[in-house]
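First to last, the protein sequences are chains A and B. According to my numbering, the stretch in the first sequence is residues 177 to 515, in order. According to my numbering, the stretch in the second sequence is residues 177 to 515, in order. We put the CB at the ideal spot given by N, CA and C, even for glycine. Down below is the structure, laid out as structure tokens.
There are 2 protein chains.
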Amino acid sequence: MEIERPYLMFLGDVPDMLAAKTAIGVVDWRRDWCLGQVRLAGCKADTGLADMTIAEGARQGAKTLVVGAVNAGGVLPDHWVESVVEAIEAGLDVASGLHMRLGDNPRIREAATKHGAKLFDVRHATQRFDTGKGTKRNGRRLLTVGTDCSVGKKYTAIALEQGMQARGMAATFRATGQTGVLISGRGVALDAVVADFISGAAEWISPESDDAQHWDLVEGQGSLFHPSFAGVTLGLLHGSQPDAFVVCHEPTRTTMRGVRHALPTIRDVIDMTIALGRLTNPAIRCVGIAINTKALTEDAARALVQATGEEYGLPVTDPVRFGVDPIVDHVEALYKTLP
Amino acid sequence: MEIERPYLMFLGDVPDMLAAKTAIGVVDWRRDWCLGQVRLAGCKADTGLADMTIAEGARQGAKTLVVGAVNAGGVLPDHWVESVVEAIEAGLDVASGLHMRLGDNPRIREAATKHGAKLFDVRHATQRFDTGKGTKRNGRRLLTVGTDCSVGKKYTAIALEQGMQARGMAATFRATGQTGVLISGRGVALDAVVADFISGAAEWISPESDDAQHWDLVEGQGSLFHPSFAGVTLGLLHGSQPDAFVVCHEPTRTTMRGVRHALPTIRDVIDMTIALGRLTNPAIRCVGIAINTKALTEDAARALVQATGEEYGLPVTDPVRFGVDPIVDHVEALYKTLP
Numbered sequence: 177m178e179i180e181r182p183y184l185m186f187l188g189d190v191p192d193m194l195a196a197k198t199a200i201g202v203v204d205w206r207r208d209w210c211l212g213q214v215r216l217a218g219c220k221a222d223t224g225l226a227d228m229t230i231a232e233g234a235r236q237g238a239k240t241l242v243v244g245a246v247n248a249g250g251v252l253p254d255h256w257v258e259s260v261v262e263a264i265e266a267g268l269d270v271a272s273g274l275h276m277r278l279g280d281n282p283r284i285r286e287a288a289t290k291h292g293a294k295l296f297d298v299r300h301a302t303q304r305f306d307t308g309k310g311t312k313r314n315g316r317r318l319l320t321v322g323t324d325c326s327v328g329k330k331y332t333a334i335a336l337e338q339g340m341q342a343r344g345m346a347a348t349f350r351a352t353g354q355t356g357v358l359i360s361g362r363g364v365a366l367d368a369v370v371a372d373f374i375s376g377a378a379e380w381i382s383p384e385s386d387d388a389q390h391w392d393l394v395e396g397q398g399s400l401f402h403p404s405f406a407g408v409t410l411g412l413l414h415g416s417q418p419d420a421f422v423v424c425h426e427p428t429r430t431t432m433r434g435v436r437h438a439l440p441t442i443r444d445v446i447d448m449t450i451a452l453g454r455l456t457n458p459a460i461r462c463v464g465i466a467i468n469t470k471a472l473t474e475d476a477a478r479a480l481v482q483a484t485g486e487e488y489g490l491p492v493t494d495p496v497r498f499g500v501d502p503i504v505d506h507v508e509a510l511y512k513t514l515p
Numbered sequence: 177m178e179i180e181r182p183y184l185m186f187l188g189d190v191p192d193m194l195a196a197k198t199a200i201g202v203v204d205w206r207r208d209w210c211l212g213q214v215r216l217a218g219c220k221a222d223t224g225l226a227d228m229t230i231a232e233g234a235r236q237g238a239k240t241l242v243v244g245a246v247n248a249g250g251v252l253p254d255h256w257v258e259s260v261v262e263a264i265e266a267g268l269d270v271a272s273g274l275h276m277r278l279g280d281n282p283r284i285r286e287a288a289t290k291h292g293a294k295l296f297d298v299r300h301a302t303q304r305f306d307t308g309k310g311t312k313r314n315g316r317r318l319l320t321v322g323t324d325c326s327v328g329k330k331y332t333a334i335a336l337e338q339g340m341q342a343r344g345m346a347a348t349f350r351a352t353g354q355t356g357v358l359i360s361g362r363g364v365a366l367d368a369v370v371a372d373f374i375s376g377a378a379e380w381i382s383p384e385s386d387d388a389q390h391w392d393l394v395e396g397q398g399s400l401f402h403p404s405f406a407g408v409t410l411g412l413l414h415g416s417q418p419d420a421f422v423v424c425h426e427p428t429r430t431t432m433r434g435v436r437h438a439l440p441t442i443r444d445v446i447d448m449t450i451a452l453g454r455l456t457n458p459a460i461r462c463v464g465i466a467i468n469t470k471a472l473t474e475d476a477a478r479a480l481v482q483a484t485g486e487e488y489g490l491p492v493t494d495p496v497r498f499g500v501d502p503i504v505d506h507v508e509a510l511y512k513t514l515p
């Protein structure tokens, strides 16, 4: 599946910015893919895109209406259905990150059938996968892993793609979550795949490359130390068979997200990722640490980055605050000398 | 979901015993739950149950027709649909381990609706699960883990249930695969659960017990060292939060099932299971080793069991050949002294 662009971003009438997190994530990274935003009366979110109606968006060439907001419960309210049907009738495809499938709504399903529109439910994998094989594939792969969920794994992978491409390296971001799929126009929300096929889906997401020097930058999920999601994390680690990984960390968090478990150390994550990852790639190694320092002052952030670098002997940065150059420098230099 | 008994075992017209593996597994362990078998002309499998027609089974009180055989491709051939519909019309529920859902066949769906029959697709989880929480639950849990897939994890867990119950210990087998679900009348085929909910489903499968001394014997899946399925294995390990585990091993295998990877040692499995399992149960420990010695002579089997016991300082047995008493003895003695 490949979601056609430009996108017309639908925000509905959500009460705050948080409910439009998916739309904001897409606009952050792919502003040039986005033609404008459609907001209903009362909408309190704003991506900064030009406001327009669906008819205006269609006239200006929008190809896909992206439902980039969630309402309470993750369902599609009736008055949003109106907009979706209007977009389909105007010739657009529709992509959604909602828990419910677009086609489960009869009016949307009928409109899509009638007008030949494609419906992309990015939280639902439609393709069938093989089980993972663990066979080494050509090309290089870098996976972002985390001490916890929501610590910057997607951001780091996309920033690395940009940083590598900026210096002429062949690099492709590989999405494994819903926002990432909309940002890359393809990929799979791995948490929605049936358990038997996690590593198989991860193999599909980062396929063999003709170019032995090409980097797949694979978006990590969860944490090997998160009691809710470690199975997804391990299947992704085995399937993506990374040569290199970057540990992402948020230094002010005291418990794992959504549960009461303590955070592992960065060292714990490095050691366990290598211990488990070498099953499908014996050459796996840690190539950097990405710290989300948003909650720290500039001085504290710089001090933490420097201290962590000294402790681990690895390039350390906050990709948002300081960019990813230290990690890209290291990767570029290191893999010049590796087979 | 609880599948009503007695079962009437449907074998169709499969060409060999292997295609009736599920039926044979159920009859091995739950012969007294099975009223008889229904075989179509040309059937080459035989569970040893009394042959009868669906009408005879219904008259004698069968509650559920169990489709205990698979045909090539895992689909339900038209002439099997006849039998399923006949069973529904005779008042039975139907349970199936096929990949396709019974209700995806319009004739079966309509008959079930009309007659109020329940359809159990044991390869498909119908209930919704929460994500795993990793919170310690009351009661004791033992998980069977493996150096590989298909090394006796289900057999060992059921044999331990029997062995414990025989000496008056409170013990319940907890199924995580399709045959296990039919053997226990409940449970979830974990490999069919959506990835985000693996550990949550495992928590649901072995719920909190009022009795602190009650043992859940949880059927393991896959192996932490299998590149296709380790994610399922880890989610199950975290969700079942075992106090104790038994390593199951097949000594003649040279590569992991279905892939080219070498087998881990029993020591590798013990160490990694403890390293990962302590996230949700810091007291996790290995309490025994179950070796499938089917391919060995009696003398070679005894020698291997003894040598492995000396190497690991743990009770070692072949549950089929020598029974599970050595492991139950050890568990009973050990946990008398533990809080």
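{"Check": "Taking any Cβ of chain A, which residues in the segment 364-378 of chain B have a Cβ under 8 Å from it, in chain order?", "Outcome": "L366, D367, A368, V369, V370, A371, D372, I374, S375, G376"}
{"Check": "Any beta carbon of chain B sitting closer than 8 Å to that of A:H529?", "Outcome": "In the structure as shown, chain A begins at 177 and stops at 515. Residue 529 of chain A is therefore absent and cannot be evaluated."}
{"Check": "With respect to the alpha helix (DSSP H) encompassing B:R497, which residues constitute its N-terminal and C-terminal limits?", "Outcome": "495-498"}
{"Check": "Could you tell me how far apart the beta carbons of A:A196 and A:A221 are, in whole angstroms, since I believe they sit closer than 8 Å?", "Outcome": "4 Å"}
{"Check": "Give the residues of chain A in contact with B:F401, contact being defined as C-beta atoms less than 7 Å apart.", "Outcome": "L455"}
{"Check": "Could you tell me whether the Cβ of A:K470 comes closer than 8 Å to any Cβ of chain B?", "Outcome": "no"}
{"Check": "Taking all protein chains shown into account, decide if B:T302 is buried (16 or more other Cβ within 10 angstroms of its Cβ) or exposed.", "Outcome": "exposed"}
{"Check": "Taking CB distances under 8 Å as the criterion, tell me whether B:T307 reaches chain A.", "Outcome": "yes"}
{"Check": "Give the range of the alpha helix (DSSP H) segment to which B:Q417 is assigned.", "Outcome": "Element bounds for B:Q417: n/a, residue is neither H nor E."}
{"Check": "For chain E, check one thing: does any of its Cβ atoms lie closer than 8 Å to the Cβ of B:S404?", "Outcome": "Absent from the structure: chain E. Protein chains present are A and B."}
{"Check": "Output yes or no for whether 8 Å exceeds the beta carbon distance between A:V423 and A:I442.", "Outcome": "yes"}
{"Check": "Find the residues of chain A that neighbour B:A279, judging by a C-beta separation of less than 8 Å, and give them in chain order.", "Outcome": "First, the residue type needs correcting, since residue 279 of chain B is Gly and not Ala in the sequence shown. What B:G279 touches in chain A: nothing, since even the nearest Cβ is about 16 Å away."}
{"Check": "May I ask you to report which of helix, strand or coil DSSP gives B:D386?", "Outcome": "coil"}
{"Check": "Quick one: which chain B residues come within Cβ less than 9 Å of A:G310?", "Outcome": "H402, P403, S404, M432, V435, R436, H437"}
{"Check": "Give a yes or no on whether the C-beta atoms belonging to A:A388 and A:S399 are separated by under 8 Å.", "Outcome": "no"}
{"Check": "State whether the segment 406-422 of chain B contacts the segment 317-333 of chain B, with contact taken as three or more CB pairs (one from each stretch) at a distance under 8 Å.", "Outcome": "yes"}
{"Check": "Just verifying my parser: in three-state terms, what is the DSSP assignment at A:L278?", "Outcome": "helix"}
{"Check": "Can you tell me whether B:R317 is buried or exposed, with buried defined as 16 or more other CB within 10 angstroms of its CB?", "Outcome": "buried"}
{"Check": "What's the gap between the Cα of A:A471 and the Cα of A:R304?", "Outcome": "41 Å"}
{"Check": "Determine the contact status of A:E395 and A:G453, defining contact as a CB-CB distance below 8 Å.", "Outcome": "no"}
{"Check": "How about A:L268: is its Cβ closer than 7 Å to a heavy atom in the ligand GDP?", "Outcome": "Questions concerning the ligand GDP fall outside what the structure shown contains, since it holds no ligand whatsoever."}
{"Check": "Can you grab the Cα-Cα spacing for the pair B:K239 / B:A199, in whole Å?", "Outcome": "16 Å"}
{"Check": "Strictly under 8 Å for the Cβ-Cβ distance: is A:L410 near chain B by that measure?", "Outcome": "yes"}
{"Check": "Can you tell me which residues form a DSSP beta bridge with A:C210?", "Outcome": "A:Y183"}
{"Check": "Taking only the alpha-carbon atoms, compute the straight-line gap between A:G485 and A:V492 and give it to the nearest angstrom.", "Outcome": "5 Å"}
{"Check": "Could you check where the alpha helix (DSSP H) with B:T332 kicks off and where it finishes?", "Outcome": "329-342"}
{"Check": "Please report the straight-line C-alpha distance between A:L490 and A:G464, rounded to a whole angstrom.", "Outcome": "5 Å"}
{"Check": "For A:V246, does the three-state DSSP call read helix, strand or coil?", "Outcome": "coil"}
{"Check": "DSSP three-state label for A:D372, please.", "Outcome": "helix"}
{"Check": "Assuming B:V203 contacts B:F186 (C-beta within less than 8 Å), just tell me the rounded distance between them.", "Outcome": "Actually they are not in contact, since the Cβ atoms of B:V203 and B:F186 sit about 13 Å apart, beyond 8 Å."}
{"Check": "To the nearest angstrom, report how far apart B:R235 and B:M228 are at their CA atoms.", "Outcome": "11 Å"}
{"Check": "Can you pull the chain B residues whose beta carbon is under 7 Å from the beta carbon of A:G356, in chain order?", "Outcome": "Residues of chain B passing the Cβ test: none, with the nearest at roughly 15 Å."}
{"Check": "Does B:G407 get closer than 8 Å to chain A when you measure Cβ to Cβ?", "Outcome": "yes"}
{"Check": "Can you tell which of B:D392, B:M345, B:G339 has the C-alpha that lies nearest to the C-alpha of B:A517?", "Outcome": "Here chain B has residues from 177 to 515 only, and residue 517 of chain B is not among them."}
{"Check": "Work out the CA separation of A:W256 and B:E286 for me, nearest whole Å.", "Outcome": "34 Å"}
{"Check": "Go ahead and pull the three-state DSSP assignment for B:R285.", "Outcome": "helix"}
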